[in-house]
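Chemist:
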Amino acid sequence: MMLSYYLELAIRSLRRNVALTALMVTVVGFGIGASMTVLTTLRAMAVDPIPDKSAQLFVPQIDAWGPPTRPGGGADGSGQLFDQLTYRDATGLMQARKAARQTAMYAVSLDTVSLEGVPLPVDGRAAYADFFQMFEVPFRYGGPWSAADDKGRANVVVLSARLAARLFPHVNPVGRTISLSGQEYRIVGVMDAWNPVPRFYDLTQGPNSGLADADSLFVPFSTAIEREMPDNGSIRCNARVAPGFAGQLASECLWIQFWAQLPTQAAARDYKTFLYNYAAEQRRLGRFHWKPWVELRDVHQWMALEISVPETLRVSSVVAFGFLAVCLINAAGLMLARFSGRAGELGVRRALGASRWDIGWQCVVETAVVGLPAGAVGLALTFAGLASQRALHMVAGSAAAVARVTSLGDGMIAITLVLAVCATVCSALYPIWRASRLQPAWQLKAQ
Amino acid sequence: MAAAFMEVLPILKALRRNKVGAMLIGLQIALTLAIVCNCLSIIQQYRDQMGSPSGLDEANIFTVSNTWVGHADDPKVRIAADLAALRSMPGVADAEESNGLPLGGSGWGTGINLKPDQQHPSASTTEYFVDEHALAVYGIKLTAGRWFSADEIRDFHLGEDLSATSIVMTRRLARALFPSGDALGQVIYLSAPTPLRVVGIVERAQSPWAGISHDASAVENSVFLPERYLNNYVTYVVRAHPGALATAMGAVRDRLYAVTRQRIILSVSPFREMRQRTYQTEQSLSVLLGVLCALLLIVTACGIVGLVLYWVSQRRRQIGMRRALGARRMDILRYFQLENLLIAGTGAVLGIAVGLAGNTWLAATLVLTRMSAGYICVGALIVLALSQAAVLWPALRAAAIPPAAAIRDL
Chain E
260 MMLSYYLELA IRSLRRNVAL TALMVTVVGF GIGASMTVLT TLRAMAVDPI
310 PDKSAQLFVP QIDAWGPPTR PGGGADGSGQ LFDQLTYRDA TGLMQARKAA
360 RQTAMYAVSL DTVSLEGVPL PVDGRAAYAD FFQMFEVPFR YGGPWSAADD
410 KGRANVVVLS ARLAARLFPH VNPVGRTISL SGQEYRIVGV MDAWNPVPRF
460 YDLTQGPNSG LADADSLFVP FSTAIEREMP DNGSIRCNAR VAPGFAGQLA
510 SECLWIQFWA QLPTQAAARD YKTFLYNYAA EQRRLGRFHW KPWVELRDVH
560 QWMALEISVP ETLRVSSVVA FGFLAVCLIN AAGLMLARFS GRAGELGVRR
610 ALGASRWDIG WQCVVETAVV GLPAGAVGLA LTFAGLASQR ALHMVAGSAA
660 AVARVTSLGD GMIAITLVLA VCATVCSALY PIWRASRLQP AWQLKAQ
Chain V
580 MAAAFMEVLP ILKALRRNKV GAMLIGLQIA LTLAIVCNCL SIIQQYRDQM
630 GSPSGLDEAN IFTVSNTWVG HADDPKVRIA ADLAALRSMP GVADAEESNG
680 LPLGGSGWGT GINLKPDQQH PSASTTEYFV DEHALAVYGI KLTAGRWFSA
730 DEIRDFHLGE DLSATSIVMT RRLARALFPS GDALGQVIYL SAPTPLRVVG
780 IVERAQSPWA GISHDASAVE NSVFLPERYL NNYVTYVVRA HPGALATAMG
830 AVRDRLYAVT RQRIILSVSP FREMRQRTYQ TEQSLSVLLG VLCALLLIVT
880 ACGIVGLVLY WVSQRRRQIG MRRALGARRM DILRYFQLEN LLIAGTGAVL
930 GIAVGLAGNT WLAATLVLTR MSAGYICVGA LIVLALSQAA VLWPALRAAA
980 IPPAAAIRDL
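Protein chains in written order, with the working numbering: chain E, 260 to 706; chain V, 580 to 989.
1) Got a sec, what are the start and stop residues for the alpha helix (DSSP H) Asn536 (chain E) sits in?
2) By the DSSP assignment, the alpha helix (DSSP H) with Val277 (chain E) in it spans what residues?
3) Should Asp490 (chain E) be flagged as near chain V, meaning a C-beta pair shorter than 9 Å?
4) Among V:Leu941, V:Lys655, V:Ala830, V:Val933, which one has its Cα closest to the Cα of Ser667 (chain V)?
5) Is the beta carbon of Thr683 (chain E) closer than 9 Å to that of Val367 (chain E)?
6) Taking only three categories from DSSP, how would you classify Asn800 (chain V)?
7) List the residues of chain E that Ile658 (chain V) touches, going by C-beta distances under 9 Å, in chain order.
8) Does DSSP put Met364 (chain E) in a helix, in a strand, or in coil?
9) Check whether the Cβ atoms of Ala977 (chain V) and Arg896 (chain V) sit closer than 9 Å, and answer yes or no.
10) Expressed to the nearest angstrom, what Euclidean distance is found between the alpha-carbon atoms of Pro485 (chain E) and Ala355 (chain E)?
11) Starting from Pro319 (chain E), trace the beta strand (DSSP E) both ways and give me its first and last residue.
12) Let me know the secondary structure DSSP gives Met748 (chain V) once reduced to three states.
13) For Asp653 (chain V) and chain E, any beta-carbon pair shorter than 9 Å?
14) Would you report the Cα separation of Phe317 (chain E) and Leu619 (chain V), rounded to the nearest angstrom?
15) For Val817 (chain V) versus Val716 (chain V), is the C-beta spacing smaller than 9 Å?
16) Do the CB positions of Met364 (chain E) and Asp472 (chain E) come within less than 9 Å of each other?
17) Which two residues bound the contiguous beta strand (DSSP E) that contains Asn645 (chain V)?
18) May I ask you to list, following chain order, the residues of the segment 861–888 of chain V that have a beta carbon less than 7 Å from some beta carbon of chain E?
19) Quick check: the segment 818–827 of chain V against the segment 758–768 of chain V, are at least 3 beta-carbon pairs closer than 8 Å?
20) When you compare only the Cα positions, how much space is there between Leu594 (chain V) and Leu886 (chain V)?
21) Measure from the C-beta of Val648 (chain V) to each C-beta in chain E and report whether the shortest distance is under 9 Å.
22) Helix, strand or coil, according to DSSP, for Tyr387 (chain E) in the structure here?
23) Between which residues of its own chain and Arg384 (chain E) is the CB-CB distance below 7 Å, once the five residues before and five after are set aside?
24) Do you know how far the Cα of Phe517 (chain E) is from the Cα of Asp529 (chain E)?
25) Is the distance from the Cβ of Arg445 (chain E) to the Cβ of Ala413 (chain E) below 9 Å?
26) Distance, Cα to Cα, Glu711 (chain V) vs Arg347 (chain E)?
27) Does the segment 744–756 of chain V touch the segment 798–818 of chain V, meaning 3 or more C-beta pairs lie closer than 8 Å?
28) Fully enclosed by the segment 572–622 of chain E, which alpha helix (DSSP H) runs are 4 residues long or longer?
29) Check whether chain E comes within 9 Å of Leu845 (chain V), counting only Cβ atoms and requiring the distance to be less than that.
30) What are the residues of the segment 594–613 of chain E that lie near chain V, defined by any Cβ-Cβ distance shorter than 9 Å?
31) I'd like to know if the segment 671–680 of chain E and the segment 635–642 of chain E are in contact, where contact means that at least 3 CB-CB pairs between them fall below 8 Å.
32) Buried or exposed: Ser561 (chain V), going by 16 or more other Cβ atoms within 10 Å of its Cβ?
33) For Met261 (chain E), which residues in the same chain have their Cβ closer than 7 Å to its Cβ, ignoring the five residues on either side in sequence?
34) So which residues of chain E does Leu607 (chain V) contact, with C-beta pairs closer than 8 Å?
35) So for Thr350 (chain E), helix, strand or coil by DSSP?
36) From the beta carbon of His548 (chain E), is the nearest beta carbon of chain V less than 9 Å away?
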């Protein structure tokens with residue numbers, strides 16, 4: 260009842276000074292638009308890609324090189340651990356099978372022949388069968404290969420929906436063969452559309468790997484090693500390596516990624532103990548000459564460590580929120596002018612029996628009424644800002660991933676409107692407080 | 580002096596009754612100034628970075644990246660055949676094959692040692708594997724010594740040790756390693772213990788990471804090694820005669836397919852495009868920051884106009900009274916301009932402090948250089964001028980108030 264009365268009062272007073280109202284709406288709208296544009300992209304890049312499992316999937320890290328070479332560290336042994344494992348450690352962890360599920364993996368590059376008969380390069384990944392269940396990969400046809408295929412180094416392959424559509428349009432290709440780099444592979448499954456953003460399962464390929472596309476095909480890890488498929492990802496070595504693929508396998512180079520699924524906290528604790536014991540064992544064997552150091556990080560911790568927000572985005576977020584601050588200070592000044600200008604009217608209401616709270620609430624409603632259209636303006640500007648972010652290539656990455664992080668996700672519209680109303684009311688808190696402290700008698704006298 | 584003081588005193592007294600409004604304007608000016616001068620400094624830094632030369636004859640160079648399918652033999656023969664085909668193309672000056680290119684984004688890095696058994700390298704650098712044609716292909720300027728001869732070029736397969744015995748480096752790297760300027764003829768070591776003699780110095784050649792890295796030594800430290808990089812995936816660098824770039828690029832695919840069809844040509848792109856792609860984000864961020872700064876100045880100006888208009892309407896009677904007591908329109912106008920100058924000046928002083936603090940923070944958290952004092956001064960002048968311009972319209976309206984206003988509202 261009271262609210263509708265306040266609303267009516269607010270609209271009437273706002274219409275009395277259209278220019279000032281429009282100015283306030285525009286100013287707050289610009290601030291909201293600028294900050295929401297940046298916030299949307301920042302939020303999309305930090306979103307949980309696998310909510311029901313992000314606390315169960317872990318990346319183990321083992322200090323295989325010792326103190327002097329740790330990234331970000333000095334000769335004193337400070338710093339961090341590298342994000343990939345040696346082939347030797349990865350196979351050691353695979354053979355131990357201490358996790359509920361686990362997979363070692365690395366990126367490969369193969370070539371096939373397109374329908375037009377032209378050679379076609381494809382990016383793929385060598386992994387274990389557990390990969391598909393661990394990361395909840397959806398299948399359109401068929402399914403993952405079996406553990407026996409892993410063991411038997413079978414020539415099997417799982418295709419992405421996109422590659423399958425390109426090579427085998429409109430048919431179910433499961434059971435057919437595909438020629439990859441001169442070798443025949445049997446297709447056992449075709450994935451449904453699956454392109455997690457960020458591509459959390461492999462963030463080790465440099466600053467933009469979070470926004471890379473998911474791989475086009477998957478082959479068993481053991482098969483890839485047997486076929487000597489070269490690594491297509493990043494590789495880090497601390498010493499000269501013996502020639503050939505065998506040399507790389509025997510080396511201390513870091514190039515294999517590893518994930519373990521540990522369903523409970525107790526399992527994660529046990530796994531970390533196992534990792535420590537593994538490193539201690541390597542020390543006993545004379546391979547490591549330093550105190551064992553291992554880490555186990557879940558999806559959130561891993562993303563926090565590996566995803567670096569692009570510098571351009573960080574610069575623009577600082578500027579955008581500074582812009583919002585200026586806009587809100589501006590709105591506060593305009594509100595101050597508006598309420599002081601209406602001191603006479605508010606004084607009359609006080610004299611007629613309205614309490615300080617009543618006046619305060621009336622002013623809050625009035626500012627909220629300004630905030631709502633400001634939110635709408637902000638929303639329109641956010642759309643424009645995101646579109647220009649795409650058009651100007653502000654975020655580097657694959658087209659699909661960039662489109663995903665530069666579009667308004669669920670709830671962002673509501674968040675924008677709520678933010679606009681809250682920001683407007685907050686900026687007007689002091690003017691409202693002043694308006695509610697007016698001495699009715701003085702105002703009446705001034706009339 | 581005394582007269583100016585006499586003018587300022589009543590303004591200060593009046594401002595005490597409008598404390599919060601004045602503070603809001605001052606604060607706005609301070610923040611606007613802090614943001615604008617930092618943005619200007621960032622934009623200038625990006626412009627400098629984008630304008631830094633790679634050392635190459637950029638206008639006439641294009642690259643072809645290629646991989647072969649279904650060959651089991653040594654790629655040496657295939658690369659030689661391709662290069663011969665490319666070099667004999669009409670419009671092509673010269674061509675070569677390399678493991679990386681300035682601004683290319685990916686390449687090889689290594690440490691340089693001055694002694695064979697050094698623990699920590701003296702400098703880090705990019706290594707480019709090139710042949711005797713590379714100097715002509717890149718269009719790099721040789722400032723001292725010589726380039727490699729054909730019989731110096733060794734074969735290099737992935738995983739093997741370097742077998743070169745000579746090396747050419749950039750002037751910047753030579754100065755960093757040998758500050759006394761006698762780099763030519765000296766011996767250095769890369770990761771292998773084989774000594775490498777410095778036979779030539781080139782004026783400039785940026786690293787593949789120029790544009791990604793902001794570290795000056797990472798950008799300008801490059802060495803050239805006389806090694807033939809033999810791999811199934813290769814990048815050819817082709818230099819066209821002036822004006823013949825487009826024709827040569829159009830014909831290059833057919834030329835290479837004529838050598839063999841068993842290949843994938845992944846891209847044919849002019850160097851100019853590579854530069855554009857490398858600095859895309861810097862370019863767009865400059866535009867974005869520029870637009871934001873312009874909006875910010877507009878918003879601040881609007882805020883000043885709005886608030887001062889309100890002050891004028893609030894003080895109609897006082898202004899009328901001053902006019903009735905003999906003040907000229909000019910005096911009223913000056914009053915508001917001076918009042919604004921006081922507020923904006925205080926805000927600007929605060930803004931310089933906030934701007935410098937913000938810049939220190941930006942330089943510490945992001946890879947940005949410190950802002951020069953010039954930007955703050957230019958920014959302060961811009962903001963003060965804008966604020967004076969914004970107050971002009973409300974002040975003119977105030978000056979137009981007739982002396983009769985003093986009694987009319989009573």
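C-beta atoms are modelled at their ideal positions from N, C-alpha and C, and glycine is treated no differently.
Modeler: Looking at the atomic coordinates:
1) 524–543
2) 277–304
3) no
4) V:Ala830
5) no
6) coil
7) Chain E residues near Ile658 (chain V): none, gap ~18 Å exceeds 9 Å.
8) strand
9) no
10) Here residue 485 (chain E) is Glu; the residue named in the question, Pro, does not match the sequence. Cα to Cα, the separation comes out at about 20 Å.
11) 316–321
12) strand
13) no
14) 44 Å
15) yes
16) no
17) 640–647
18) Ser863, Leu864, Val866, Leu867, Leu868, Leu871, Leu874, Leu875, Val878, Thr879, Cys881, Gly882, Gly885, Leu886
19) no
20) 13 Å
21) yes
22) coil
23) Met364, Ala366, Val367, Asp474, Phe477
24) 17 Å
25) yes
26) 41 Å
27) yes
28) 602–610
29) yes
30) Leu595, Ala596, Arg597, Ser599, Gly600
31) yes
32) Nothing about residue 561 (chain V) can be reported from this structure: the residues present for chain V run from 580 to 989 only.
33) none
34) It is Gln, not Leu, that sits at residue 607 (chain V) in the sequence shown. Result: Val585, Ile588, Asn589, Gly592.
35) helix
36) no
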